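Residue numbers (the numbering used here), protein chains in the order written: chain C, 1 to 486; chain R, 1001 to 1097.
The next block holds one structure in the form of C-alpha cells; read it before the comments.
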Amino acid sequence: MSELYELTAHEASKKLASREISARELTESALSRIDAVENRIKAFITLTPKNALAQADAIDEKRTKGETLPPLAGIPIALKDNLCTTGVKTTAGSKILYNFIPPYDATVVSKLLTAGAISVGKTNLDEFAMGSSTENSGYHTSHNPWDTSRVPGGSSGGSAAAVAAQEAFIALGSDTGGSIRQPAALCGIVGMKPTYGRVSRYGLIAYASSLDQIGPLSKDVLDCALMLNAICGHDPSDSTSTATEVPDFTAACRSDVSGLRIGIPKEYFGPGVLPEVAATVRAAIDRLTELGATAEECSLPTTDYGLAAYYIVAPAECSSNLARFDGVRYGLRSTELAGHIGLTEKTRDEGFGDEVKQRIMIGTYTLSAGYYDAYYRRAQQVRTLIRRDFDRAFETFDVLLTPTAPTPAFGIGEKSDPFAMKLADICTIPVNMAGLPGISLPCGFVDNLPIGLQLIGKPYDEATLLRIAYTYEQATAWHKQFPKLS
Amino acid sequence: MALTPEEVRKVALLARLELSEDEIAAQAVHLNNLLLQFETLKDVDVSGIEPTSHSIPVYNVFREDLIVPSLTREAALSNAPEQRDGCFVVPRIVGEG
C-alpha cells in the first residue's frame, strides 16, 4: 500500500478517526489520482475539486476540535449526475439539462453532506440512465479501467469506473434495470440495488419511478454497508420510501454462511449467458457451499418474459416522467420561435438523444388509447407473475444466486443493435420488476476482465445479502485486485 | 400490424417530439422491431392475474396541510430560460394566428 487512494473507505475512515491522516490529505490523494487517470477513464461529467477541499478542511477542523464524526466524514465519494446537487450542474447525461443548476439537494445528497462525505464530482451516465454502457451519454463515453477500449457498463458506468480506477472511494448510482449491478460487475467492484422503498428517490431525476432505486458502488462489501447505513430510511418527500426499520448494515458483515440456503435459478444459466461466465459463477457457488451454505437448483419460469415486460413498463413511465422537459422551467430551450407546442417539440427534438426519443415513443404508444390493455396492462400482469416466481422461491431459499451480466465488458461501439445492448440486463431486470434487493460482487475473471455474481434477496433483507457477500469476499481475493492504470 | 409512418407521426405529436422525416422512418423500424419482441408476452397466460404497478403496496400518503419552508420564488425561477415579473415566460398560447 503506497497511496491513500488505494485504501477502502472503512480503512480510510479508521485512519481519519485516529487522526493518522487528515481529510485534506485523503481528498488530495483522490484528486491527484483523478488528475493522473481521468483523461483515460472519463468517469466524470463535472469535477468539484475546490468544493471538495473546502469540505475536507471543514471536516478536519471539526476533528481538531475533538468532535466525533460519522464513519463517512472526510471520505471522498462520487455522485451519479442524475442526483440533484445544490449549486452544482446536474445533467442526467442529457443535453436538455446542459445548464441545469439544481436549487436543492437530493435527499441522499443531503444525508451524505450531513454524514460528512466529500463529493469530488458528478459521474457520467447513459442519458437519463437509459442504457448499459454510457455510450448513450449526451457528453462522452466512459472507459472501463480494466481495458479502456471497453465500456464500463451502465447506466452508472461513470460511478463504477470512478471507483474501479480509485478516483473515489465509494460512488452512488441508480438502478432501474441493473444500472448499478451491471457496471459494478463489468468493473470488478461491489454494487447494490436496495429494496424498492429503502432509499428516498427525492432529487433523483426520474427514469421509471416504480423501478428506480439509488444505491452504492464500492471497493468491498463493508464499504457498501457503510454507505447503506448513511442513505437508507424513510423520507417524507418520497411517498414510496418506506418506514421499515433500518438495521446497522455493517453488523451483517460477518463471515458465516452456515445453514443458509442458496437457490440457483436455472433460467439464469441458459444459452444467453456466456459459458465461461456461467462456469465462473458456478465455481463461486462451490466456494460458498464449502464455506457452509447449501445450494440447490430452482426455477423462475417467468424469467424469459422479463425483458419484454420491462421494455413496456419502463418506457411507459419514462414517457410520462420526461414530459416535464418542455423548455419552460429549466434546461435547454430551442431558439426557434414556433408557438407553445412547437417550442416544446423543437426543444425536445434538439435536447434528447436517439435512445431517449425511442423510449419516449414506445412508451407513448403503449399507453395510448386502444393499446393500453394489449401492452401496458399485460406487462404489469407479467410483472405480478415475476414477483410470484420470486415469492415462491423464497419459501425454500434465503437468497438466489445468478450471474450479474451475461458477458464481461464489451467493446466500445461493439453493440450497435439496440436490442443486443438490452440483453446486457437480462439477469438484473427481473429484480427491479419485483422490487427486491440485489448485490453484485466480483467472483473472478474471464480473459482478464472481471465477472460479477448477483445475490437476490427477500424484500428488506439486504443484511443476508451482505452477510453472504462478505463471507465470500473474505474467503477470496478478487476484491483486492485493481486495474493497473499507471 | 406494423406501424405506418403516419401512425408514427401521430405518436410523435402525442410525445411532443418534432422528428425529421429520416427520424420518423428510423423510429418506425425501431418501434416495429420492439412490438415484435413484445409478441412473446402473448404466450403468457395472464387470465385473472392482477396487474402490478408497484412492487410494494403504495397508497395515498397524507400529511397535515401546514405551510413549511420550500423553494423561494427566486430559486424556483433560477433555471428559467426566460422569466419576467417573477413568472416563467412561455410563447403566446391564446389568440395565436
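Heads up, the beta-carbon is just placed ideally off N, CA and C, and yes, glycines get one too.
Fair warning: this is a prediction, and the values are worked out from it, not measured in the lab.
Subject >> Segment contact, 8 Å Cβ cut-off, at least three pairs: the segment 310-320 of chain C with the segment 269-289 of chain C >> reply: no
Original post:
Cα separation between C:ASP349 and C:ILE362?
Top reply: So the two alpha carbons sit approximately 16 Å from each other.
Subject >> Contained alpha helix (DSSP H) runs [length at least 4] in the segment 136-172 of chain C, N- to C-terminal order >> reply: 157-164
**OP:** Report the rounded CA-to-CA distance for R:PHE1038 versus C:GLY233, giving the unit in angstroms.
**Re:** Each residue's Cα considered, the two are about 36 Å apart.
Original post:
So, using beta-carbon positions, are C:PRO194 and C:GLY178 closer together than 8 Å?
Top reply: no
Original post:
Between C:THR176 and C:LEU211, is the Cβ-Cβ spacing less than 8 Å?
Top reply: yes
**OP:** Please compile the residues from chain R whose C-beta is within a distance smaller than 8 Å of the C-beta of C:TYR207.
**Re:** By Cβ distance, chain R contributes nothing, its closest Cβ being about 15 Å from C:TYR207, past 8 Å.
Subject >> C:GLU414 versus R:THR1072: straight-line alpha-carbon distance, rounded >> reply: Roughly 47 Å between the two C-alpha positions.
**OP:** Starting from the Cα of C:ARG40, find the closest Cα among C:HIS143, C:LEU186, C:THR91 and C:ASP461 and give me that residue.
**Re:** Measuring C-alpha to C-alpha distances from C:ARG40 to each of C:HIS143, C:LEU186, C:THR91 and C:ASP461 identifies C:HIS143 as the nearest.
Original post:
In terms of DSSP beta bridges, what is R:GLU1006 paired with?
Top reply: DSSP lists no partner for R:GLU1006.
**OP:** Examine chain R for any beta-carbon lying closer than 8 Å to the beta-carbon of C:GLY339, and answer yes or no.
**Re:** yes
Original post:
Using a beta-carbon distance below 8 Å, is C:PRO265 in contact with chain R?
Top reply: Not one beta carbon of chain R lies nearer than 8 Å to the beta carbon of C:PRO265.
Original post:
Which residues does DSSP pair with C:ASP417 in a beta bridge?
Top reply: Beta-bridge pairing links C:ASP417 to no other residue.
Original post:
Does any residue of chain C bring its CB to less than 8 Å from the CB of R:LEU1066?
Top reply: The Cβ of R:LEU1066 sits no closer than 8 Å to any Cβ of chain C.
**OP:** Between the Cα of C:SER94 and those of C:GLU355, C:ALA393 and C:TRP478, spot the shortest distance and give me the residue it belongs to.
**Re:** Nearest option by C-alpha distance: C:GLU355.
**OP:** Can you have a look at C:LYS111 and say buried or exposed, based on whether 16 or more other CB atoms are within 10 angstroms of its CB?
**Re:** buried
Subject >> For C:SER320 and C:THR364, the rounded distance between their alpha carbons >> reply: 8 Å
Original post:
Can C:LEU97 and C:ALA160 be called in contact, C-beta distance under 8 Å?
Top reply: no
Original post:
Would R:LEU1066 be called buried (16 or more neighbouring beta carbons within 10 Å of its own) or exposed?
Top reply: By the 10 Å Cβ count, R:LEU1066 comes out exposed.
Original post:
Of all the CB atoms in chain C, is at least one closer than 8 Å to the CB of R:THR1040?
Top reply: yes
Original post:
Based on the DSSP secondary-structure assignment, which residues constitute the bridge partners of C:SER22?
Top reply: Residue pairing from DSSP leaves C:SER22 without any beta-bridge partner.
Subject >> Cutoff 8 Å: R:ASN1032 Cβ touching any chain C Cβ >> reply: no
**OP:** Measure the CB-CB distance between C:CYS443 and C:TYR268 and report whether it falls below 8 Å.
**Re:** Using a Cβ distance threshold of 8 Å, C:CYS443 and C:TYR268 do not count as a contacting pair.
Original post:
Can you name the start and end residues of the alpha helix (DSSP H) that C:LEU453 belongs to?
Top reply: Here C:LEU453 belongs to no alpha helix (DSSP H); instead the beta strand (DSSP E) covers 449-457.
Subject >> Identified DSSP bridge partners for C:ILE439 >> reply: Partner(s): C:MET192 and C:LEU455.
Subject >> Rounded distance between the beta-carbons of C:ASP389 and C:LEU260, thought under 8 Å >> reply: C:LEU260 to C:ASP389, Cβ: 20 Å. No contact.
**OP:** Assess, as a yes-or-no matter, whether the segment 469-482 of chain C is touched by the segment 1009-1018 of chain R under the definition of 3 or more beta carbon pairs within less than 8 Å.
**Re:** no
Original post:
Looking only at C-alpha atoms, which of C:CYS298, C:PRO406 and C:THR384 sits nearest to C:PRO450?
Top reply: C:PRO406
**OP:** Leaving out five residues on either side along the sequence, give the residues of the same chain with a beta carbon under 6 Å from the beta carbon of C:ASP238.
**Re:** SER200, ARG201 and TYR202
Original post:
Checking contacts by CB at 8 Å: is R:GLU1018 closer than that to chain C?
Top reply: yes
**OP:** Write down the C-beta distance between C:ARG24 and C:ASP57 rounded to the nearest angstrom, noting that I regard them as a contact closer than 8 Å.
**Re:** Your pair C:ARG24 and C:ASP57 checks out as a contact, with CB atoms roughly 6 Å apart and the cut at 8 Å.
Original post:
Who are C:VAL487's beta bridge partners in DSSP?
Top reply: Absent from the structure is residue 487 of chain C, since the part of chain C shown begins at 1 and ends at 486.
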